[in-house]
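Asks: Okay, so the sequence shown: first residue is 349 according to the working numbering, each after it adds one. All residues carry an ideal CB built from backbone N, CA and C; glycine is no exception. I am attaching a structure below and will ask some questions about it afterwards.
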Amino acid sequence: MSTVAERTPLSNLQREILKLFAQNVPDEDLIAIRQLIARYFAEKAMDIADQVWETHGWTEEDAHRLAHTKMRTPYLLKDESRH
349 MSTVAERTPL
359 SNLQREILKL
369 FAQNVPDEDL
379 IAIRQLIARY
389 FAEKAMDIAD
399 QVWETHGWTE
409 EDAHRLAHTK
419 MRTPYLLKDE
429 SRH
């Protein structure tokens, strides 16, 4: 029987990181690399958010409204779903 790891190939990002981590680098370098990766994905997310913002033509007023709007899906309790 094969494991999930055997059935799921590594992504290109995982392979690249494994190559890097195969080398013995100081802990401070690992911390810096993690920060670089986190910053990259944070900037990418912000770029996408900016595109969505511009597409919808949102204003500061919209931002305030969205920040103060509860958008969670209300879930029914088991007893309430029977009615």
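As an exercise, report each continuous alpha helix (DSSP H) stretch of at least 4 residues that is fully enclosed by the stretch 372-412, in chain order.
Replies: 375-404
Asks: Suppose you measure from the CA of Glu393 to the CA of Ile365; what does that come to, to the nearest Å?
Replies: Looking up residue 393 in the sequence shown gives position 45. Looking up residue 365 in the sequence shown gives position 17. Correcting the residue identity first, residue 393 is Ala in this sequence and not Glu. Their backbone Cα atoms lie some 21 Å apart in a straight line.
Asks: In the structure shown, what three-state DSSP assignment does Leu425 receive?
Replies: For the purposes of this step, residue 425 is taken as the residue at position 77 of the sequence shown. Leu425 falls in the coil class under three-state DSSP.
Asks: Could you spell out the range, first to last residue, of the alpha helix (DSSP H) harbouring Leu368?
Replies: Residue 368 sits at position 20 when you count from the first residue of the sequence shown. Residues 360-369.
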